[in-house]
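Okay, so here's the structure we're looking at.
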Ligand code: SF4
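In this note's numbering, the protein residues as written are 26 to 497.
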């Protein structure tokens with residue numbers, strides 16, 4: 026878990042350069058999504074609802090579908106492992122690697138592996154792990170953390186990336202032309218692909234009918250990783266199951282469009298197990314580690330709808346809070362609205378301080394509108410806020426919310442405060458006793474107070490109309 030300040034503190038300290046990169050990247054993705062999705066599907070909302078229903082059905086019958094998936098994968102020659110906790114998942118991966126004496130591997134982008142901090146764990150065990158997704162590779166070179174589900178370096182601009190390459194010795198000179206950067210990364214990574222003894226991937230979907238593991242990338246890096254490796258390990262959350270191959274059509278149509286505004290992600294791989302003898306290359310052995318890590322607890326909670334998530338990032342891109350604060354502010358691999366719900370549910374037992382994340386929302390509803398599986402994110406945020414309040418984890422105990430709560434729940438105090446609030450317009454906030462107010466106002470713009478004028482107006486209006494329930 027990333028150790029950082031609360032989201033509002035982090036957001037006020039973010040550099041302008043970083044904020045611009047996040048806003049530019051998120052806005053571009055949102056605009057592309059809008060034109061491709063609505064241009065291609067006049068009944069987009071019906072499709073989103075259908076996708077949500079398929080996911081809900083699968084989650085309601087998860088035990089049945091897990092059995093079906095295990096059987097189908099095994100029929101395809103895949104070895105299936107179940108990992109209940111993050112530690113179980115790390116140990117399952119390590120034990121497979123040890124059985125094959127793997128000392129060097131490549132890894133394609135996987136949120137499940139971020140969730141369990143797989144890279145640092147394997148590196149501590151003496152295994153060389155190289156991220157093959159370009160964004161994740163840059164993150165690895167920088168010792169940074171991804172800040173977006175789909176575009177892990179959304180917070181960096183090309184000048185910063187060029188500087189990283191130079192610092193890491195991948196480039197001798199500073200050249201921030203994206204094509205040059207990509208060519209340099211490609212030359213470096215190709216050699217590593219050929220040396221790797223294994224490849225670790227995630228998985229976007231598993232069809233329980235055929236046991237196909239579906240993997241989408243835009244760089245073809247997982248495919249490159251698999252071609253020379255003898256061993257393939259896919260680490261996948263148990264919520265990634267879909268009942269049949271036919272359902273994949275619904276999700277793949279929505280995923281590319283919602284994530285990057287593409288009709289289909291450039292490389293969409295359907296992996297049906299290890300290579301068969303007629304194929305010239307590919308892993309001879311394939312393992313799937315199905316990871317729980319708190320998902321069954323989420324399923325049993327009243328926030329279960331979040332398990333429908335297909336990690337498209339559309340809610341991050343559209344969220345006004347994410348755009349201002351960046352993904353790092355959410356202190357977990359999952360930033361934005363998805364993270365504000367998923368992180369406290371998945372990691373809240375170990376990191377109770379994440380209970381403040383659901384407050385990082387204006388509840389504007391944009392996240393629900395763009396979600397391809399129709400997750401009612403604002404409702405879930407409200408449920409989590411309520412839960413945190415009941416558990417006394419997050420209550421209005423700090424300034425200014427504690428005095429505000431007292432004020433707002435007492436009609437007479439409220440009336441007096443409103444009358445006196447006109448004085449706020451003339452407070453000399455730059456003198457010592459008022460400094461805390463100045464700090465607070467430094468992050469907000471308050472309209473001029475009219476000190477209870479609305480009450481007077483409403484009282485007069487009620488009188489004119491002969492209404493009995495006038496405000497006190
Ligand atoms: S919650 Fe919905 S919009 Fe957000 S990442 Fe998941 S599927 Fe995409």
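C-beta atoms are modelled at their ideal positions from N, C-alpha and C, and glycine is treated no differently.
Around the CB of residue 106, 16 or more other CB atoms lie within 10 Å, so the residue is classed as buried. Segment contact: the segment 315 to 326 against the segment 253 to 266, three or more CB-CB distances shorter than 8 Å; contact assigned. Within the chosen limit of 7 Å, ligand 1 reaches the beta carbon of residue 338 through at least one heavy atom. Counting only runs that start and end inside the segment 67 to 147, the alpha helix (DSSP H) elements of at least 4 residues fall at 69 to 85, 87 to 100, 111 to 124 and 136 to 140. Excluding sequence positions up to five before and after residue 410, its CB lies within less than 6 Å of the CB of 383, all in the same chain and listed in chain order.
Remark: C-beta atoms of residue 280 and residue 401 do not approach each other more closely than 8 Å. Residue pairing by DSSP places residue 230 opposite 239 in a beta bridge. Within the model, the alpha-carbon separation for residue 59 versus residue 437 is close to 49 Å. Within the model, the alpha-carbon separation for residue 214 versus residue 303 is close to 27 Å. Every alpha helix (DSSP H) of 4 residues or more that sits fully in the segment 174 to 200 is shown, in chain order, as 183 to 192. Taking C-beta atoms as the reference points, residue 346 and residue 283 fail to come closer than 8 Å. Looking from the CA of residue 343, the closest CA among 121, 277, 394 and 330 belongs to 394. Residue 224 places its beta carbon 8 Å or farther from that of residue 128.
The DSSP-derived three-state label of residue 224 is strand. Residues of the same chain with a CB within less than 7 Å of the CB of residue 348, apart from the 5 flanking positions on each side, are 47, 48 and 51 in chain order.
Distance from residue 326 to residue 371 at the Cβ level is roughly 10 Å; contact not present, criterion being Cβ atoms closer than 8 Å.
The C-beta separation of residue 227 from residue 138 comes to about 7 Å, placing the pair in contact by the 8 Å criterion. Following the DSSP letters along the chain, one finds residue 53 inside the alpha helix (DSSP H) bounded by residues 41 to 65. Using a Cβ distance threshold of 8 Å, residue 277 and residue 289 count as a contacting pair.
Boundaries of the alpha helix (DSSP H) around residue 489: 478 to 489.
Every alpha helix (DSSP H) stretch that sits fully inside the segment 285 to 372 and reaches 4 residues is listed by chain position as 320 to 325, 339 to 343, 345 to 350 and 361 to 372. Apart from the 5 residues on each side of it in sequence, residue 256 sits with its Cβ closer than 7 Å to the Cβ of 125, 127, 222, 223, 308 and 310 in its chain, given in chain order. Cβ contact annotation for residue 449 (same chain, cutoff 6 Å, sequence separation greater than five): 474, in chain order. A residue is called buried when at least 16 other Cβ atoms come within 10 angstroms of its Cβ; residue 368 meets this threshold and is buried.
Secondary structure note for residue 416: it is in no beta strand (DSSP E), with a DSSP letter that is neither H nor E.
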